[in-house]
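Position one of the sequence shown corresponds to residue 747 (our numbering), numbered consecutively onward.
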Amino acid sequence: MKADAPRTGTNILHDLIVSPLPYNKTYAQLSPDDKRMLRGLYEHMGPDDEPPFPLRGYKTIFKALSEIQGKMLVVGELDIAVMVDANGEGSSVTIYKAPDPEIARVVATLMMLEKYKPALCSGKPCEQAFPLRAHFSVTPRP
């Protein structure tokens with residue numbers, strides 16, 4: 747995901763967030779390879795199983811993470827999972843690792859407010875965790 751405006755002294759938009767999955771696609775719009783990569787994050791997924799996924803794709807989450815980082819300027823790893831119920835609502839959050847307690851709280855709230863495509867277990871909506879891992883860094887500006 748690119749910045750809205752270039753940094754001073756350049757016309758090139760810098761990367762705000764880099765992800766192996768496209769940020770602007772819903773689960774249905776992901777390529778078979780992207781779906782395979784996402785399914786690889788889960789153990790024991792059957793042929794009729796699908797993981798939960800942000801209803802509108804990663805874009806709103808990534809944009810919010812970028813804004814949060816722009817204010818908090820933390821450095822380190824975040825590993826968090828939101829339990830998504832069969833209706834696509836977040837029901838709880840588990841924080842495995844966070845660079846800062848405040849960013850953990852803010853991102854947990856963000857993940858709970860997000861709407862999701864529910865997971866499918868044997869083709870039926872079911873409860874399952876949606877993981878989010880991020881590395882926060884601060885790049886000095888020239």
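Cβ atoms here follow ideal geometry from the backbone N, Cα and C, with glycine treated the same way. Note that the structure is predicted; figures quoted are calculated from it, not measured.
Between which two residues does the alpha helix (DSSP H) holding residue 824 run? Not the alpha helix (DSSP H): residue 824 falls in the beta strand (DSSP E), residues 822–830.
Please state whether DSSP places residue 773 in a helix, a strand or coil. helix
Ignore the nearest five residues each way along the sequence and tell me which others in residue 764's own chain have a CB closer than 7 Å to its CB. For residue 764, the predicted structure reports a pLDDT of 49, less than 50, and the residue's modelled location is therefore unreliable. The matter cannot be settled from this model.
Going by DSSP, what residue range makes up the beta strand (DSSP E) through residue 868? Per DSSP, residue 868 belongs to no beta strand (DSSP E) and is neither H nor E.
Pairing CB atoms from the stretch 783–790 with CB atoms from the stretch 839–849, are three or more of them under 8 Å? no
Using 8 Å as the cut-off, can you tell me whether the stretch 812–822 makes contact with the stretch 862–871, which would need three or more C-beta pairs spanning the two stretches below that distance? no
Close Cβ partners of residue 891 (< 8 Å) along its chain, the five nearest in sequence each way excluded: Only positions 747 to 888 of the chain appear in the structure, and residue 891 is not among them; the question remains open.
Within 8 Å, strictly: CB atoms of residue 799 and residue 862: yes
Which same chain residues end up closer than 6 Å to residue 872 when comparing Cβ atoms and leaving out the 5 residues on each side of it in sequence? 832 and 865
Between the CA atoms of residue 884 and residue 779 - distance to the nearest angstrom: 31 Å
Beta-carbon proximity of residue 834 to residue 857, cut-off 8 Å: no
Reference residue 853, options 829, 811 and 802, closest by Cα: 811
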